[in-house]
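Protein sequences, first through last, are from chains B and F. For the first sequence, the numbering used here begins at 1 and goes up steadily by one. For the second sequence, the numbering used here begins at 139 and goes up steadily by one. The structure appears below as structure tokens.
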Amino acid sequence: MLNLTNQNLDFQTKALVLRSQRQQVLAANIANGDTPGYVAKELNFSQALREASGSGAGRLNLVSSSDAKTPGHIGLDVRSSLEGTSLYARPSQPSGDNNSVDMDRERASFADNSLHYEATLRFINSHVRTMLSAIQGQ
Amino acid sequence: MSMLSIFHISGSAVSAQSQRLNVVASNLANADAVAGPDGQSYKARQVMFQTVPMNSGTSQGVQVSRIVESTEPGRKQHLPSHPNADAQGFVTYSNVNPVEEMVNMISASRAYQSNVEVMNTTKNLLMKTLQMGQ
């Protein structure tokens with residue numbers, strides 16, 4: 001039973017990490033809204049999540065990040081699966097300075113992503129609360 | 139923690155936009171500046187933005203790569219009685235176009251607001267993340 005609940009929690013954790021990475025991509029797009037020649041990027045969320053949770057039925061791919069900045073820590077292997085899922089957003093209205101950021105779309109995506117992030121957080125929170133009340137049995 | 143780097147990204151954009159606003163203020167302040175005895179009037183300035191990799195290349199912020207001066211000739215006005223008039227009686231003003239500067243100012247302030255909003259949203263999300271499981 002604990003294994004079952006852990007799987008659910010793992011899935012939400014991955015979704016949360018991916019949401020925060022998409023948030024970062026969108027923030028970079030908004031920051032570069034006036035940079036000439038900047039190409040807007042986008043994260044294919046559903047594909048990234050499918051790839052992140054594809055192997056081992058919702059099991060986390062734990063990697064020892066000895067080669068990373070913090071040796072000895074165990075990180076989530078989500079970043080490496082992002083390589084194929086990050087793509088360039090197609091500009092709906094091309095601009096003269098080759099900047100392909102559509103500010104309206106970026107801000108809408110940012111709000112949408114924040115909402116989804118918060119939703120995922122709530123799922124995790126209520127999951128934890130459910131587990132706690134099950135443990136306490138009162 | 140990738141959410142924390144959003145503050146670096148948006149912070150760099152806010153700083154770049156405020157520099158742009160600074161240049162606009164300088165241009166507008168000197169819009170009616172008259173050329174001195176050397177005949178050199180104030181030249182309108184423009185900031186150039188450039189993408190800069192942050193956090194070991196995983197995210198991209200923005201920075202002001204350089205500030206360029208406009209090469210347009212200054213506005214000339216025929217005022218023979220002016221103390222700074224040249225031999226033909228013309229006074230050279232700065233080459234600032236106030237309409238262009240106002241447009242620049244609005245664009246910079248909107249971009250500034252967008253980035254501040256991004257930081258506020260991210261801060262709220264991080265605060266909620268900190269309270270996870272409580």
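Ideal Cβ positions, reconstructed from N, Cα and C, are used throughout, including at glycine.
By the Cβ rule, the segment 180–187 of chain F counts as touching the segment 199–208 of chain F, because three or more pairs are nearer than 8 Å. Using a 10 angstroms sphere on the CB of T130(B), the tally of other CB atoms stays under 16, which defines it as exposed.
The criterion of a C-beta distance shorter than 7 Å is not satisfied by T196(F) and Y38(B). Using a 10 angstroms sphere on the CB of G33(B), the tally of other CB atoms reaches 16 or more, which defines it as buried. Residue contact check for I135(B) against chain F: no CB pair falls below 7 Å. Within chain F, the C-beta atoms nearer than 7 Å to that of L121(B) come from K266, T267, M270, in chain order. If you check the CB distance, Q24(B) and S203(F) do not come in under 7 Å. The segment 15–45 of chain B is shown to contain whole beta strand (DSSP E) runs of 3 or more residues at 41–43, in chain order.
Under the 7 Å criterion on CB atoms, A151(F) is classed as interfacial with respect to chain B. With contacts defined by Cβ atoms closer than 7 Å, I147(F) and A134(B) do not form a contacting pair. Collapsing the DSSP output to three states places T267(F) in a helix. Taking a beta-carbon distance threshold of 7 Å, Y88(B) does not count as an interface residue toward chain F. Taking a C-beta distance under 7 Å as the contact criterion, V152(F) and N253(F) qualify as a contact pair. In the DSSP assignment, G199(F) falls within the beta strand (DSSP E) that extends over 197–207. Contact of M240(F) with chain B is not assigned, every C-beta pair being separated by 7 Å or more. Ranking N222(F), V237(F), E238(F) by CA distance to the CA of Y231(F) puts N222(F) first.
Below the 7 Å Cβ cutoff, chain B contributes A27, I30, F110 as neighbours of V256(F), in chain order.
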